[in-house]
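Inspection log for the structure reproduced underneath, given as structure tokens.
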Amino acid sequence: MGDHYLHKSVTDTAKRIKLLEIQGARNVAIAAIQAIEEASKESKAKTKTTFIKELSEAKNVLFNSRETEPLMRNSIRYIIYNVESSPSQSTEELASEVSRVSGMFIQKLEMTKEKIAEIGSKRIFHHARVLTHCHSSTVTNMLRKAKLEEKTFEVVCTESRPVFQGRLTAKEMLDFGIKTTMIVDSAVRNFMNDIDLVVVGADAITSEGNIVNKIGTSMVALAAKEARTPFYVVSELLKFDPETVQGGYERIEERSQKEVWPDYPPGLIIRNPAFDVTRREFIHGIICEEGIISPHSISELMHRKYPLIFESAQF
Ligand code: RUB
Numbered sequence: 000m001g002d003h004y005l006h007k008s009v010t011d012t013a014k015r016i017k018l019l020e021i022q023g024a025r026n027v028a029i030a031a032i033q034a035i036e037e038a039s040k041e042s043k044a045k046t047k048t049t050f051i052k053e054l055s056e057a058k059n060v061l062f063n064s065r066e067t068e069p070l071m072r073n074s075i076r077y078i079i080y081n082v083e084s085s086p087s088q089s090t091e092e093l094a095s096e097v098s099r100v101s102g103m104f105i106q107k108l109e110m111t112k113e114k115i116a117e118i119g120s121k122r123i124f125h126h127a128r129v130l131t132h133c134h135s136s137t138v139t140n141m142l143r144k145a146k147l148e149e150k151t152f153e154v155v156c157t158e159s160r161p162v163f164q165g166r167l168t169a170k171e172m173l174d175f176g177i178k179t180t181m182i183v184d185s186a187v188r189n190f191m192n193d194i195d196l197v198v199v200g201a202d203a204i205t206s207e208g209n210i211v212n213k214i215g216t217s218m219v220a221l222a223a224k225e226a227r228t229p230f231y232v233v234s235e236l237l238k239f240d241p242e243t244v245q246g247g248y249e250r251i252e253e254r255s256q257k258e259v260w261p262d263y264p265p266g267l268i269i270r271n272p273a274f275d276v277t278r279r280e281f282i283h284g285i286i287c288e289e290g291i292i293s294p295h296s297i298s299e300l301m302h303r304k305y306p307l308i309f310e311s312a313q314f
């Protein structure tokens with residue numbers, strides 16, 4: 000590895016992300032940013048070139064921990080872009096630049112989360128029955144806000160097989176004092192006629208306005224469309240994947256068969272994609288920090304609001 004090395008915070012964080020000890024796009028991105036920051040604070044690099052090599056090795060390890068995480072990629076590339084374009088050559092100064100940009104990014108994520116909650120909670124009306132799939136911290140924060148506004152509503156959570164992130168959602172809802180029902184994933188259509196609106200998170204938003212979220216989301220969207228139930232995606236704009244503008248497809252992570260059946264019989268083929276794509280025609284609106292927008296407007300909005308995301312996409 001020459002005179003540069005991988006910091007333990009990076010390898011540990013990548014491992015925890017892979018094992019789903021840290022889950023959900025926002026938590027994954029924040030953990031990755033913090034790992035990069037810690038690594039650069041303790042970097043022993045003597046030159047800017049070595050410092051950047053360390054950063055890009057850390058980037059590769061973190062990017063490989065989970066494939067479908069453009070928020071993490073956008074944040075880390077943006078940090079590296081700032082270091083590359085800094086006039087400074089001193090590694091101490093570059094490490095402070097990493098801290099500055101990391102802090103700014105995390106603060107931005109906090110602000111967007113609150114803004115989204117403020118906007119989205121208005122769609123949670125009195126006595127609404129809200130269905131959600133998997134666990135999205137952006138969704139649960141929005142529902143918490145609606146509850147704090149003293150609205151009475153109930154939530155239906157799917158289990159979200161194979162690793163049951165729906166249980167995290169259910170526990171959070173109960174902690175917030177929200178009436179909560181859990182159903183198995185395959186019961187969604189059965190209950191859809193009793194649901195007033197569906198809210199799901201996103202791991203990625205593509206240039207065409209499609210969204211990538213936990214496996215099964217597209218089936219929930221299909222059932223919602225059939226029942227004419229509004230289907231909202233609740234997501235910060237920084238989950239937009241600039242690579243999709245250039246023709247790239249969002250890669251869908253395929254996880255271990257053992258998550259589906261730990262001691263599966265030999266010879267059996269098991270497929271376990273973590274996410275699927277919900278096409279924009281199924282999406283009523285994307286609830287983001289800029290308001291409730293049509294998925295059609297995403298590329299234009301991104302170019303206007305976050306031009307640097309396109310510029311830093313090469314890093
Ligand atoms: C989590 C998932 C979430 C999004 C958004 O999948 O699909 O809906 O990541 O979450 P996994 P957030 O558990 O496999 O990571 O709003 O917290 O970013």
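Numbering follows numbering that gives the first Met the number 0, in which position 272 of the sequence shown is assigned residue number 271; successive positions increment by one, without gaps.
For glycine and all other residues, C-beta sits at the position ideal for the given N, C-alpha and C.
The alpha-carbon of residue 251 is positioned some 21 Å away from that of residue 313.
Here the C-alpha atom of residue 304 lies approximately 15 Å from the C-alpha atom of residue 110. In the displayed model, residue 127 falls within coil according to three-state DSSP, outside both helix and strand.
A straight-line Cα-Cα distance of about 26 Å links residue 71 and residue 259. For the 9 Å CB-CB criterion, residue 131 and residue 157 form a contact. The beta-carbon distance between residue 94 and residue 42, rounded to whole angstroms, is 6 Å. This is short enough to meet the 8 Å contact definition. Counting along the chain, no alpha helix (DSSP H) covers residue 231; the unbroken beta strand (DSSP E) around it starts and ends at 230–233. Boundaries around residue 104 are those of the alpha helix (DSSP H), 90–119, since no beta strand (DSSP E) includes it. DSSP, read as helix, strand or coil, puts residue 203 in strand. The beta carbon of residue 120 lies closer than 7 Å to those of 141, 144, 145 and 148 in the same chain, with the five residues before and after it left out. The DSSP assignment places complete alpha helix (DSSP H) segments of no fewer than 4 residues inside the stretch 159–213 at 164–174 and 187–191, in order along the chain. One Cα belongs to residue 21, the other to residue 233, and the distance between them is close to 20 Å. Proximity of the beta carbon of residue 213 to the ligand RUB is indicated: a heavy atom of the ligand is located closer than 8 Å. Checking the DSSP bridge columns, you'll see residue 239 partnered with 204. Straight through space, the alpha carbons of residue 307 and residue 172 are spaced by roughly 36 Å. For residue 151, the three-state secondary structure derived from DSSP is coil. For residue 274, the Cβ falls inside the 8 Å cut-off from some heavy atom of the ligand RUB. In the same chain as residue 79, and ignoring 5 residues on each side of it, the C-beta atoms closer than 6 Å to its own belong to 54 and 314, in chain order. The C-beta distance from residue 211 to residue 67 rounds to 6 Å, short enough to fall under 8 Å.
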